[in-house]
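Here the numbering used here is used: the first residue of the sequence shown is 9, the next is one more, and so on.
Every residue gets a Cβ at the ideal spot worked out from N, C-alpha and C, and that includes glycine.
Scroll down for the structure; my scribbles are underneath it.
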Amino acid sequence: MMAFMYQNKEKKDTNHTKEAEEREHIRLKKSDMNLTKQKCVPCQGGIPPLPFSQSKKLLKQAKLWTLEGKKITRIFKFKSFVEVLAFVNKVGALAQAQGHHPDIYIFDFSNVRLDLWTHKIGGLHLNDFIMAAKINKIK
9 MMAFMYQNKE
19 KKDTNHTKEA
29 EEREHIRLKK
39 SDMNLTKQKC
49 VPCQGGIPPL
59 PFSQSKKLLK
69 QAKLWTLEGK
79 KITRIFKFKS
89 FVEVLAFVNK
99 VGALAQAQGH
109 HPDIYIFDFS
119 NVRLDLWTHK
129 IGGLHLNDFI
139 MAAKINKIK
């Protein structure tokens, strides 16, 4: 009985993975649209990170962001710490609304580095590029 239950779970997990990959494939086809008009969709895992070629293509819509391994990153420079805090708060509000949160680093009191990547898949997802494009509109 346990072996049967285990086999059914494996089959269910495989179906879940295939369905997730199909949904993601459809979303990627739509990624030619303006990324700022799209909304982040929760990543359930079970899909591979975006291939390098797709990441490079999407990066064109996220100007000034750079691809660094499994992440995209950008440094923002400000005149004062007060401006830094205002920007970080706006990014935080956007992240909450989208359900996708960047890693935020404040350094030298007037600089912010943002890193985006999807932890559940250990690499880049369409959501990372959507957030990057939306964050670009803040500054």
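**Request:** Evaluate S63 with the Cβ neighbour count: other Cβ atoms within 10 Å of its Cβ, from every protein chain shown; 16 or more gives buried, anything less gives exposed.
**Result:** Taking the sequence shown and counting its residues from 1, the one referred to as residue 63 is at position 55. Buried is the call here.
**Message:** Helix, strand or coil, according to DSSP, for N119 in the structure here?
**Reply:** On the sequence shown, position 111 is the one that residue 119 refers to. In the structure shown, N119 sits in a strand (DSSP, three-state: E or B).
**Message:** Whole angstroms are fine: how far does the CA of C48 sit from the CA of L102?
**Reply:** Within the sequence shown, the letter at position 94 stands for residue 102. Within the sequence shown, the letter at position 40 stands for residue 48. Looking at the backbone, the Cα of L102 and that of C48 are separated by about 11 Å.
**Request:** To the nearest angstrom, report how far apart L122 and I83 are at their CA atoms.
**Result:** Working through the sequence shown from its first residue, we reach residue 122 at position 114. Working through the sequence shown from its first residue, we reach residue 83 at position 75. Cα to Cα, the separation comes out at about 6 Å.
**Assigned exposure category for T74 - 16 Cβ within 10 Å defines buried** = To locate residue 74, count along the sequence shown from 1; it is residue 66. Looking at its Cβ environment, which holds fewer than 16 other Cβ atoms inside 10 Å, T74 is exposed.
**Prompt:** Looking only at its own chain, which residues have a Cβ that is under 8 Å from the Cβ of K142, when we skip the five neighbours before and after it?
**Reply:** Start at 1 with the first residue of the sequence shown, and residue 142 comes out as number 134. Same-chain partners within the cutoff: L43, T44, L102 and Q106.
**Prompt:** Alpha carbon to alpha carbon, how far is N119 from K68?
**Reply:** As a working note, residue 119 is residue 111 in the sequence shown. As a working note, residue 68 is residue 60 in the sequence shown. Using only the alpha carbons, I get a separation of about 23 Å.
**Request:** Mind reading off the beta-carbon distance from G53 to K128? Whole number of angstroms is fine, and I expect it under 8 Å.
**Result:** Position 45 of the sequence shown, counting from 1, holds the residue named residue 53. Position 120 of the sequence shown, counting from 1, holds the residue named residue 128. Between K128 and G53 the Cβ distance is about 4 Å, and since that is below 8 Å, they are a contact.
**Item:** L58 versus K65 - alpha carbon distance
**Value:** For this step, residue 58 is matched to residue 50 along the sequence shown. For this step, residue 65 is matched to residue 57 along the sequence shown. Rounded to whole angstroms, L58 to K65 spans 11 Å at the Cα level.
**Prompt:** If you count every other CB in all the chains shown that lies within 10 Å of the CB of F137, and 16 or more means buried, which is it?
**Reply:** Within the sequence shown, residue 137 is the residue found at index 129, counting from 1. Looking at its Cβ environment, which holds 16 or more other Cβ atoms inside 10 Å, F137 is buried.
**Beta-carbon proximity check, V232 vs I80, cutoff 8 Å** = No statement about residue 232 is possible, as the shown extent of the chain runs from 9 to 147 and does not include it.
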